[in-house]
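Undergrad:
Protein chains: 2
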Amino acid sequence: MGARKSDTRERMLESAVALLREHGARATSIDRVLAHSGAPRGSFYHHFPGGRAQLVEEAVARVGGFVAGLLDEAAASGDALRGVDAFFALWRERLVESGFRAGCSVVAVAVETNDEAPQLARSAAAAFARWTDALADLFAGQGLPAARARRLAAFTVAAVEGAVIMCRAERSAAPLDAAAAEIHDLLSNTLRPPRSTI
Amino acid sequence: MGARKSDTRERMLESAVALLREHGARATSIDRVLAHSGAPRGSFYHHFPGGRAQLVEEAVARVGGFVAGLLDEAAASGDALRGVDAFFALWRERLVESGFRAGCSVVAVAVETNDEAPQLARSAAAAFARWTDALADLFAGQGLPAARARRLAAFTVAAVEGAVIMCRAERSAAPLDAAAAEIHDLLSNTLRPPRSTI
DNA sequence: GTCTATACGAAGATAGAC
DNA sequence: GTCTATCTTCGTATAGAC
Chain A
1 MGARKSDTRE RMLESAVALL REHGARATSI DRVLAHSGAP RGSFYHHFPG
51 GRAQLVEEAV ARVGGFVAGL LDEAAASGDA LRGVDAFFAL WRERLVESGF
101 RAGCSVVAVA VETNDEAPQL ARSAAAAFAR WTDALADLFA GQGLPAARAR
151 RLAAFTVAAV EGAVIMCRAE RSAAPLDAAA AEIHDLLSNT LRPPRSTI
Chain B
1001 MGARKSDTRE RMLESAVALL REHGARATSI DRVLAHSGAP RGSFYHHFPG
1051 GRAQLVEEAV ARVGGFVAGL LDEAAASGDA LRGVDAFFAL WRERLVESGF
1101 RAGCSVVAVA VETNDEAPQL ARSAAAAFAR WTDALADLFA GQGLPAARAR
1151 RLAAFTVAAV EGAVIMCRAE RSAAPLDAAA AEIHDLLSNT LRPPRSTI
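These protein sequence lines are chains A and B, in that order. Residue numbers for the first sequence follow my numbering, so the first one is 1 and each next one is one higher. Residue numbers for the second sequence follow my numbering, so the first one is 1001 and each next one is one higher.
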């Protein structure tokens, strides 16, 4: 009935996420987002009165939420190894399908954010924190003490993000696969088997 | 004697490295490099006829060489754990002394390089490769099979770089310390003791 | 090696019409 | 919600004098 909820805003956000991944934060200009999304020029500041900073901040929050959702799904299964493997698989797919041109939007913002609005750094930190928390819960659920679980979770996020960067630079999945194998082995030796298999 | 070798070029390069670390690749503009280094405007294209891309490429190569030098020093001692600890310590110092504003110049270029000259990606990949090679040598020197040594080396580089990014976002050294602790434990359990202690 | 001047484009943001 | 100017600033690059 009546006015369908506008998807212009939605498309701009999705374009911002994609451009952040491939070209970085500073290169994700309003012009480019408009061109990529096909959204009309004149409505940008209508949807994002806070300007470019607001768009980027919301794009980062969206990625943070999306990936956290994946991890929470894995948490429901109670199998930490599966959750971690899914985390690696997600980034691997992104790399391969983009010809090793696309990385992580959150990283892009974290690396380029010193000149921009301070809430951007906070937004990136919040995304990393969500992923770390989700992984820590996963690990703690399999018998690891809380402190170690957190340490291992932060370590896992760092390894994935660092490996994705290396993969882009050398246009190969080898660094991510190396990290996945090492983390997998480490977790196998550290965690006790999931409850369902005892 | 006579004409002292000009240090203008040198200062521009050092400024580029510093700006890449703190503000990213795109934000490392010629204007900013000149302002930071105090170098005269008119001589930029004299020293870097290839323009901004040449400057950035050389800056990345310089960082790559510098860090590789540190790792090679550690390799001379034959103690892999010491080498890895020095690697972590280097980045920790950079983070702390900058108030968690400075990261890795090579990462900045790797993340933002899709729009710029293709040799920039290659330059970043070369830096990562040098570090990975140096660490792999270190690990292989302590009894690890070559393939595993390489895998572990790439993993270590990825963990450090990813952790540095997280540290910047959350303005804390916790992620790097977590990664250092996990890598340290992993290596202790994986490598045999250095030759000197047998 | 260094200086000034300048051309040119891209980017963020705002104003006012529709 | 969308459109068309328009302002301003910044960035790369070149030309030509000194």
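Virtual Cβ for every residue (Gly too), placed ideally from N, Cα, C.
Tell me whether the beta-carbon of Ala53 of chain A lies closer than 8 Å to the beta-carbon of Glu116 of chain A.
TA: A contact, by the Cβ cut-off of 8 Å.
Undergrad: In angstroms with no decimal places, state the Cα-to-Cα distance between Gly69 of chain A and Phe128 of chain A.
TA: Taking the straight line from one Cα to the other gives about 13 Å.
Undergrad: Any C-beta of chain A sitting closer than 8 Å to the C-beta of Ile1165 of chain B?
TA: Closer than 8 Å: yes.
Undergrad: Using a Cβ-Cβ distance cut-off of 8 Å, determine whether Gly1143 of chain B contacts chain A.
TA: No, Gly1143 of chain B does not count as interfacial toward chain A.
Undergrad: Does the ligand HEM have a heavy atom nearer than 7 Å to the CB of Gly1103 of chain B?
TA: With respect to the ligand HEM, the structure shown offers nothing to examine, as it has no ligands at all.
Undergrad: Measuring CB to CB, does Ala1136 of chain B end up less than 8 Å from Ala1149 of chain B?
TA: A contact, by the Cβ cut-off of 8 Å.
Undergrad: For Ala173 of chain A, which of helix, strand or coil comes out of DSSP?
TA: Coil, per DSSP.
Undergrad: Between the Cα of Arg1168 of chain B and those of B:His1023, B:Arg1011 and B:Thr1190, spot the shortest distance and give me the residue it belongs to.
TA: Nearest option by C-alpha distance: B:His1023.
Undergrad: Could you work out which residue in B:Leu1013, B:Leu1071 and B:Arg1026 is closest to Phe1044 of chain B when comparing CA atoms only?
TA: Measuring from the Cα of Phe1044 of chain B, the nearest candidate turns out to be B:Leu1013.
Undergrad: Quick one: is Gly38 of chain A buried, meaning 16 or more other Cβ sit within 10 Å of its Cβ, or exposed?
TA: It is exposed - the Cβ of Gly38 of chain A has fewer than 16 other Cβ atoms within 10 Å.
Undergrad: Starting from the C-beta of Glu1057 of chain B, find all residues in its chain whose C-beta is less than 7 Å away, skip the five residues before and the five after it, and write them out in chain order.
TA: Excluding sequence neighbours, Glu1057 of chain B sits near Gln1119, Leu1120 and Ser1123.
Undergrad: In angstroms, rounded to a whole number, what distance separates the CA positions of Ala89 of chain A and Ala59 of chain A?
TA: Rounded to whole angstroms, Ala89 of chain A to Ala59 of chain A spans 21 Å at the Cα level.
Undergrad: Output, in chain order, the set of chain B residues within a Cβ distance shorter than 7 Å of Val111 of chain A.
TA: Ordered by position in chain B, the residues that pass the 7 Å Cβ test against Val111 of chain A are Gly1024, Gly1103, Val1107, Ala1108, Val1111 and Ile1165.
Undergrad: Identify, in the order they occur along the chain, each residue of the same chain with its Cβ nearer than 6 Å to the Cβ of His184 of chain A, setting aside the five sequence neighbours on each side.
TA: Around His184 of chain A: no qualifying Cβ.
Undergrad: For a cutoff of 8 Å on Cβ pairs, would you count Val1157 of chain B as touching chain A?
TA: So, interface residue.
Undergrad: Starting from Gln1119 of chain B, trace the alpha helix (DSSP H) in both directions and tell me its first and last residue.
TA: That run of the alpha helix (DSSP H) goes Pro1118 to Ala1140.
Undergrad: Quick check: the Cα distance between Asp1031 of chain B and Arg82 of chain A, rounded to an integer number of angstroms?
TA: Taking the straight line from one Cα to the other gives about 49 Å.
Undergrad: Could you confirm whether any beta carbon from chain B is found closer than 8 Å to the beta carbon of Gly162 of chain A?
TA: Output row for Gly162 of chain A: interface = yes.
Undergrad: Checking contacts by CB at 8 Å: is Phe206 of chain A closer than that to chain B?
TA: One cannot answer for residue 206 of chain A here, as it falls past the ends of chain A, which runs 1 to 198.
Undergrad: Suppose contacts are defined by Cβ-Cβ distances below 8 Å. Is Gly1103 of chain B in contact with Val1164 of chain B by that definition?
TA: Closer than 8 Å, so yes.
Undergrad: Quick check on DSSP: helix, strand or coil for Cys1104 of chain B?
TA: Note: Cys1104 of chain B maps to coil in three-state DSSP.
Undergrad: Do Ala80 of chain A and Leu187 of chain A have their C-beta atoms closer together than 8 Å?
TA: Contact flag set, yes.
Undergrad: Under the three-state reduction of DSSP, which class applies to Thr28 of chain A: helix, strand or coil?
TA: In this structure, Thr28 of chain A counts as coil in the three-state DSSP scheme.
Undergrad: Take Thr202 of chain A as the anchor and find which of A:Glu170, A:Ala108 and A:Asp177 has the nearest alpha-carbon.
TA: With chain A represented from 1 up to 198, any question about residue 202 of chain A goes unanswered, as that position is not in the structure.
Undergrad: DSSP on Ser43 of chain A, reduced to helix/strand/coil?
TA: Here Ser43 of chain A sits in helix by DSSP.
Undergrad: Kindly list the residues whose CB is nearer than 7 Å to the CB of Ala86 of chain A, restricted to its own chain and excluding five residues on each side of it in sequence; keep chain order.
TA: For Ala86 of chain A, where only same-chain residues beyond five positions count, the Cβ hits under 7 Å are Leu70 and Ala74.
Undergrad: Considering only C-alpha positions, which residue in the set B:Arg1021, B:Val1033, B:Arg1092 and B:Thr1156 is nearest to Ser1172 of chain B?
TA: Comparing Cα-Cα distances from Ser1172 of chain B to each of B:Arg1021, B:Val1033, B:Arg1092 and B:Thr1156, the minimum goes to B:Arg1092.
Undergrad: Alpha helix (DSSP H) containing Phe66 of chain A: first to last residue?
TA: That run of the alpha helix (DSSP H) goes Gly51 to Ser77.
Undergrad: Given a cut-off of 8 Å on the beta-carbon distance, is the pair Leu191 of chain A and Phe139 of chain A in contact?
TA: Cβ atoms of Leu191 of chain A and Phe139 of chain A: closer than 8 Å.
Undergrad: Between which residues of its own chain and Ala61 of chain A is the CB-CB distance below 8 Å, once the five residues before and five after are set aside?
TA: Ser123, Ala126 and Ala127, listed in sequence order.
Undergrad: Looking at C-alpha atoms only, which residue of A:Ala147, A:Ala174, A:Leu176 and A:Ala180 is the closest neighbour of Ala1178 of chain B?
TA: Of the listed residues, the one whose Cα sits closest to Ala1178 of chain B is A:Ala147.
Undergrad: Taking the C-alpha atoms as reference points, what is the distance between Pro1145 of chain B and Asn1189 of chain B?
TA: Each residue's alpha carbon lies about 15 Å from the other.
Undergrad: For Val1111 of chain B versus Val111 of chain A, is the C-beta spacing smaller than 8 Å?
TA: Yes, Cβ-Cβ distance for Val1111 of chain B and Val111 of chain A is below 8 Å.
Undergrad: If we ignore side chains and look at the alpha-carbon of each, how far apart do Leu34 of chain A and Ser105 of chain A end up?
TA: Spanning the two alpha carbons is a distance of roughly 18 Å.
Undergrad: Take the Cβ of Phe1066 of chain B as the centre, count every other Cβ of all protein chains shown within 10 Å, and call the residue buried at 16 or more, exposed below.
TA: Under this definition Phe1066 of chain B is an exposed residue.
Undergrad: Please report the distance separating the alpha-carbon of Arg4 of chain A from that of Arg11 of chain A.
TA: In this prediction, Arg4 of chain A scores a pLDDT of 45, lower than 50, which makes its location untrustworthy; the coordinate-derived value is nonetheless stated afterwards. When rounded, the distance between both Cα atoms is 15 Å.
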